[in-house]
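Numbering (the working numbering), first residue to last: 39 to 239.
Working notes for the structure below.
Right, dumping it as structure tokens:
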């Protein structure tokens, strides 16, 4: 009796679908967190560019402030020198020159004050943006930790790992949403977190 080789081979077990509800939760969470992380990274880059512009404008204003301060001193010195030359009976032309230098000195003083105010404003903008930039750095760090824990959860398939991964993930999302809303959250107000993120950033 001939034996059919195909019949001698036992049928292979159909591949079972081993996916669990936890896998679906992890997959959805990873997609959402990665998307939010990407958007936060773009926002952080934009803030960095704004900080560079504010710093550049502040430096330019300070340079103009110093230049106008020097011009003001030169005009005042020239006017004082002419007054010393004029004596008790200055000529009309000398008086006109003195008045011209005094007017130029006052003009430079007014412009100097505007440069000072502008430089101060740019410095305040830089500081405010710096706080938001740090906040988005914390957002990226927390979300990266959360995504790493999600990867471990997918391998180990433990619900407690998923819950653990939600802690840094939730914190990162909170910090990111606060940053998008313009709310600066100081890590110093949260015990322990400030020192932790300063250590890793």
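Glycine is no exception: its CB is placed at the ideal position from the N, C-alpha and C atoms.
**OP:** Put residue 220 into one of helix, strand or coil per three-state DSSP.
**Re:** coil
**OP:** Classify residue 153 as helix, strand or coil using the three-state DSSP reduction.
**Re:** Three-state DSSP puts residue 153 in a helix.
Original post:
residue 76 lies in the alpha helix (DSSP H); which residues open and close that run?
Top reply: Per DSSP, the unbroken alpha helix (DSSP H) holding residue 76 starts and ends at 59-124.
Subject >> Through-space distance from residue 95 to residue 31, alpha-carbon basis >> reply: What is shown of the chain runs 39 to 239, which leaves residue 31 out entirely.
Original post:
When DSSP labels each residue in this structure, what does residue 196 get in the three-state scheme?
Top reply: Here residue 196 sits in coil by DSSP.
Original post:
Going by C-alpha distance, which of 186, 213, 126, 185 is nearest residue 175?
Top reply: 213
**OP:** Counting only the same chain and skipping the five closest in sequence on each side, list residues whose C-beta sits under 6 Å from that of residue 224.
**Re:** none
Subject >> Alpha carbon of residue 98 to alpha carbon of residue 111, nearest angstrom >> reply: 20 Å
**OP:** Closer than 8 Å by C-beta to residue 116: which residues in its own chain qualify, once you throw out the five before and the five after it? Chain order, please.
**Re:** 139
Original post:
Do you know how far the Cα of residue 91 is from the Cα of residue 219?
Top reply: The straight-line gap from Cα to Cα measures roughly 21 Å.
Subject >> residue 129, DSSP secondary structure in three states >> reply: coil
Subject >> Chain-order list of residues whose beta-carbon lies under 7 Å from that of residue 160 (same chain, five-residue window excluded) >> reply: 92, 95, 96, 99
**OP:** Look at the alpha carbon of residue 141 and the alpha carbon of residue 81, and state the distance between them as a whole number of angstroms.
**Re:** 48 Å
Original post:
Any chance the CB of residue 73 is under 7 Å from a heavy atom of the ligand FAD?
Top reply: Within the structure as shown, the ligand FAD is missing, as the structure has no ligands at all.
**OP:** Just confirm the distance between the C-beta atoms of residue 173 and residue 217, as a whole number of angstroms; I'd bet it's less than 8 Å.
**Re:** 5 Å
**OP:** Apply the 10 Å Cβ neighbour rule to residue 221 and answer buried if 16 or more other Cβ atoms are within range, or exposed otherwise.
**Re:** exposed
**OP:** Would you mind sorting residue 52 into buried or exposed? The rule is 16 or more other CB atoms within 10 Å of its CB.
**Re:** Note that residue 52 scores 48 on pLDDT, short of 50, meaning its location in the model is unreliable; the coordinates nonetheless yield the value given after this. By the neighbour-count rule (16 or more Cβ atoms within 10 Å), residue 52 is not buried but exposed.
Original post:
Residues in its own chain within less than 7 Å of residue 107 by CB, not counting five upstream and five downstream?
Top reply: 150
Original post:
In chain order, what residues of the same chain lie with their CB nearer than 7 Å to the CB of residue 68, ignoring the 5 residues before and after it?
Top reply: 185, 188
Original post:
Can you tell which of 87, 183, 77 has its C-alpha closest to the C-alpha of residue 164?
Top reply: 87
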